[in-house]
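Following: one structure in structure tokens, then a few remarks.
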Amino acid sequence: RAKQWYQRRVRGTQRTGFCHSCLRGVLSYLFCGLYSRDTHNLVHMTHNLVHIMHNVVHVTPDLVHVTHNVVHMTHNVVHMTHNVVHMTHNVVHMTHNVVHVTPDLVHVTHNVVHMTHNVVHM
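Note that this note's numbering has the sequence shown beginning at 2, numbered continuously upward.
If you want it as structure tokens, here you go:
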């Protein structure tokens, strides 16, 4: 099946349309009739290489930008984590204060009530 496809591909160059036939004719003329299958493949490979170089030129700067952005985002995540740690620390302190200060306030209020009572009775 693969061999049949290849043979059709090789023989089918005449049937691939006007543009391809014209291009083959021009290249054959330019190469003084030396436009062989190897030359045909070389033209395709050069064409593909141009596409690859185009992608390298355009994709490499994009990758640099993306990497730059990832570095910045990671930096920001580190800062945000740092802030969360500080906020948690503060919540722990506030909870500590609530737990210790509330009983103290209850005791002080209790004492004020007793003192007021004593003042009234004096």
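All C-beta atoms in this analysis are idealised placements derived from N, C-alpha and C, irrespective of residue type, glycine included.
Practice problem: Return helix, strand or coil for A88, following the three-state DSSP convention. | Solution: The displayed chain sequence assigns Met, not Ala, to residue 88. Helix.
Quiz prompt | Alpha-carbon to alpha-carbon, N42 and M54 | solution = 18 angstroms
Practice problem: Could you check which residue in H118, V57 and V27 has the C-alpha nearest to that of V44? | Solution: V27
Quiz item: Taking DSSP as the reference, what is the three-state secondary structure of M123?
Solution: coil
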